[in-house]
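Participant: One point on numbering: in the working numbering, the residue at position 478 of the sequence shown is 951, and numbering is uninterrupted.
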Amino acid sequence: MHVAVKLFEHNQKAYLSAVAMLEQKGKAAIVHPTGTGKSFIAFQLALDQAEKRILWLGPSEYIYATQLESLARCGGPDSLSNVTFRTYAKLLLLGEDELDVGADYIILDEFHRCGAEQWGNAVQRTIAANPDAKLLGLSATNVRYLDNMRDMAEELFEGHIASELSLGEAIVRGILPAPKYVTTVFKYQNELERYQKQVCTMRPAALRDVNQKYLDALRRALEQADGLEQVFARHMTSKSGKYIVFCSGMEHMREMMEQSRGWFAGVNPDIHFYMAYSEDPGTSKAFVEFKADSSSALKLLFCIDMLNEGVHVNGISGVILFRPTISPIIYKQQIGRALTAGDSVVPLILDVVNNFEGLCSIDTLKEEMATAVQHMYAVGEGEKIVTERFQVVEQVQDCRVLFETLRISLSGTWEQYFAAAKEYAAEYGDLKVPKKYKTAAGLSLGSWIGVQRSVYAGNRAGSLSESQIERLNSIGMIWENRLESAWENGFEHAKAYYEEFGDLLVPARYKSPDGFLLGSWISNLRQRRLNGEQSELLDEERIARLDSIGMAWDASSVRWEKNYCAALEYYNAHGDLLVPFDYKTPDGLALGTWVRSLRQARKGEFKRKPPTQEQIERLDKIGMYWGNCNENQWMQGYEAAKQYFQAHGNLDVPTMYKTNDGVSLGKWVARQRYVYQNPEKSTKPLTQDRIDLLEGIGMIWQKADSWQHRYELAQKYLEEHGNLNIPATYKTDDGIWLGRWIYEQRRALQPGAKKTLPIEKREKLKRLGIRNAKTAMEKYKGEKDRE
């Protein structure tokens, strides 16, 4: 029976366009904003093509699981038998033969992620391994803003975009609800001090006095503006609502949580706090509890970047953006957490910026809406406009105006500084002005020259006209300061690493794809700050910029916490910490190696730094075993083998087979056979007790011929069904695609086949009735003719 989900009108239109483009071009991309239900387009394809094999690739299993939950809530199935899901990270661990799943379609969810170096290569290998597969991509944006504006729709889909919709247009058309957007500002004192220093160095006095008046007015306006307590109390009308609070990093999140009880007390003194961060395996539990919380308390879920994409929560009252300047991708994804297609509730977006430049972050969204309105009127779709604007409550409107006035006024001193630069060039023959150099009149010329370079390079807010650039060139301006350029180069590499991996825990020997020694650069910065060397190379501004992209100054502590969270998740799932040495978490964390290194460190082996007493106590609470784990791990493997034997009647375990609780049983069984057959090559041969245990559960030390095993499975199928018309999706109990094996034998029997078979195997196949593909077709035609 055919199953279909009821698509929204915009998704139905996009689906039909994508299907047509897939048929014509073999590739199609859907670029729709967060919250519009893009995943349902791919689900409808899977339901309509139920007989086809579909490989679904995405950032995480968790996102895919929540998408399936949404499908089930809308009347669809809770699973899709024709869909194989893999994460992008999982592809890195697979060989070429494992990447070939015979896919008819490949879904690339959040396809902008495929621009990452390693993931991108793995995706290309997967596409190459499934050459007949058609490619469908889903993303809120096809542009990687922090990666030289790469267009992934062009790179992956050759520009074939079946449907494109901006966030602004989605709101204008009423696909997404128009939010109530509230802006405010906090932590402005440091910036006022920065501007005060700039004003104090101005000459002449009259110009300084004018700018001082602007600055004083800005200070008074900020002091009179409502504090966060008043803003939250006034606008968070849902006293028991659920709000997602976005932060920039772990340290920032903890700081915000410490102050939050006071900030939100005016909304509801009863507050339930939840934490979620992208690399935290324990997040799933916290997230589930947050979604299930139906109490009268105010519910706050503090996130770093786990919920930027792919995951939606029903019943969200709004989002709170505690954030420094971020990329347009992340900004729109975070806003999208509050916007859901078909939702009639007006969502609340509280944009709490902590720098003056951030006051303009909403302008992009306004421009998108204005562009959409103009276009719809131009093409005669004016009647389809649901809203042309949304409610904006600017707590800092006066501050924005005063800040802009001050900025323009301060830039009016450009002529004065240029005159000083011209005099310097005439005297010294160049503009290589030391950073701390001041003129006789007190102008900080060195600092000003540095600002011009930063503005020119786009690393600082501001602008230079063509005339100003030409005039500076005429007096010998060198736009690239060597040290400044080197630092910016390192920062850009760090930002790219953060964009790909979600942190700055860079291995010491790590090299960027272009050969830049990023690991050494990061380590050097940490050591300089530890030594207190906060000079030109590492001033407060640069420290803040690094913090904004997740810099961990105490990397060892951050790594320990990440591993501990993974250990806690393992303990909750298995009841112990007897982690196999080769075990890795779903997101690639080598937990088995970490647990073993802790045991070695506590014993003083390999000169490793031992865990602290606090760390030991925390590990003890979740079942840490500090003794020799070889015996326990062997018994763990044996118990898994015993369960496999009880289920299958043999120990013919596929090499890559893993149990549900993560034991690599296939590799473990293979290791036992190898050690048994090669005792002289093993440092720990099998004892007779272990040999007896394994033979007691059916261990055959010489593994059976895999071809003969599949032949016998085909014989058994023929005896049971009377034919070998095996469905494409049929698997035997031990996971063998028997239909595919028979197809491969038929191809091998064809004249001129690349893979040939020995005569005895050919004879066996003929006795079973398996002929080459050509002969089978001729036989079929002859039978039809006789009919």
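Note that beta-carbon positions come from the ideal geometry of N, C-alpha and C, so glycine has one too.
Please read all numbers here as calculations on a predicted model, not as lab measurements.
#1: How big is the Cα-Cα spacing for Arg526 and Met842?
#2: Which whole-angstrom value describes the C-beta separation of Val859 and Val1126, a residue pair presumed to lie in contact below a C-beta threshold of 8 angstroms?
#3: Check Asp1258 in the structure and name its three-state DSSP category.
#4: Helix, strand or coil, according to DSSP, for Val846 in the structure here?
#5: Where do the N-terminal and C-terminal ends of the beta strand (DSSP E) with Ala698 fall, by residue?
#6: Use the C-beta contact count for Glu496: other C-beta atoms within 10 angstroms, 16 or more gives buried, fewer gives exposed.
#7: Which ranges would you report for the beta strand (DSSP E) in the stretch 1033-1078 if only whole runs of at least 3 residues count?
#8: Between which two residues does the beta strand (DSSP E) containing Ser612 stretch?
#9: Express the C-alpha separation of Ala576 and Trp529 in angstroms, rounding to a whole number.
#10: Restricting to Cα atoms, I'd like to know which of Ile777, Phe795, Leu773 and Leu794 is closest to Gly788.
#11: When the Cα of Asp1165 is compared with those of Lys1115, Met1129 and Gly1139, which residue comes out closest?
#12: Classify Asp976: buried if its beta carbon has 16 or more other beta carbons within 10 angstroms, exposed otherwise.
#13: Output the distance between the C-alpha atoms of Gly1096 and Asn1045, rounded to the nearest integer angstrom.
#14: My output table needs one value for His505: the three-state DSSP class, helix, strand or coil.
#15: DSSP three-state call for Ser790: helix, strand or coil?
#16: What whole-angstrom Cβ distance do Arg1183 and Leu1159 have, given they're in contact under 8 angstroms?
#17: Would the stretch 1047-1055 count as touching the stretch 1019-1027 if we require 3 or more Cβ pairs under 8 angstroms?
#18: Work out the CA separation of Ala893 and Pro506 for me, nearest whole Å.
#19: Within its chain, find whatever has a CB closer than 6 angstroms to the CB of Lys1252; leave out the 5 residues flanking it on each side and keep chain order.
#20: The beta strand (DSSP E) spanning Ser636 covers which residue range?
#21: Assuming Phe746 is part of the beta strand (DSSP E), what are its boundary residues?
#22: Measuring straight from C-alpha to C-alpha, what distance separates Arg693 and Val928?
#23: Given that a residue counts as buried once 16 or more other Cβ atoms are within 10 Å of its Cβ, and exposed if not, what is Trp1297?
#24: Please report the distance separating the alpha-carbon of Ala643 from that of Glu856.
#25: With 16 as the cutoff for other CB atoms within 10 Å, does Asn1196 come out buried or exposed?
#26: Count the other C-beta atoms from every protein chain shown that fall within 10 angstroms of the C-beta of Leu539, then say buried if there are 16 or more, exposed otherwise.
#27: Quick one: measure Cβ to Cβ for Phe795 and Met729, integer angstroms, because I've assumed they're closer than 8 angstroms.
#28: Tell me the DSSP secondary structure of Asp551 in three-state form.
#29: The beta strand (DSSP E) that contains Trp529, what's its start and end?
#30: Ordered along the chain, which non-local residues of its own chain (more than five positions away) have a Cβ less than 7 angstroms from that of Ala814?
#31: Classify Arg1018: buried if its beta carbon has 16 or more other beta carbons within 10 angstroms, exposed otherwise.
#32: Between the stretch 709-726 and the stretch 736-744, do three or more beta carbon pairs fall short of 8 angstroms?
Facilitator: Taking the geometry as given:
#1: The C-alpha of Arg526 lies about 40 angstroms from the C-alpha of Met842.
#2: Going by Cβ atoms, the distance from Val859 to Val1126 rounds to 58 angstroms, so no, they are not a contact pair.
#3: For Asp1258, the predicted structure reports a pLDDT of 46, less than 50, and the residue's modelled location is therefore unreliable. The matter cannot be settled from this model.
#4: Under the three-state reduction of DSSP output, Val846 falls in the helix class.
#5: Membership of Ala698 in any beta strand (DSSP E) is not indicated, and neither H nor E is assigned to it by DSSP.
#6: exposed
#7: If we require 3 residues or more, the stretch 1033-1078 turns out to have no beta strand (DSSP E) run fully inside it.
#8: Lys607 to Ser612
#9: 10 angstroms
#10: Leu773
#11: Cα-wise, what sits closest to Asp1165 is Lys1115.
#12: buried
#13: Those two C-alpha atoms are separated by around 10 angstroms.
#14: coil
#15: strand
#16: Incorrect: roughly 29 angstroms between the Cβ atoms, too far for contact.
#17: no
#18: 50 angstroms
#19: Unreliable positioning characterises Lys1252 in this predicted model, as indicated by a pLDDT of 45, which lies under 50. A coordinate reading is not provided.
#20: Ile634 to Glu637
#21: Ile744 to Ala749
#22: 29 angstroms
#23: With the chain covering only 474 through 1260, there is no way to say anything about residue 1297.
#24: 15 angstroms
#25: exposed
#26: A quick correction: the sequence has Thr, not Leu, at residue 539. So Thr539 ends up on the buried side.
#27: 5 angstroms
#28: coil
#29: Taken as a continuous stretch (DSSP letters only), the beta strand (DSSP E) holding Trp529 covers Ile527 to Gly531.
#30: Interpretation of Ala814 is limited by its pLDDT of 49, a score under 50 that renders its predicted location unreliable; no figure is taken from the coordinates.
#31: Buried, by the Cβ-count rule.
#32: yes
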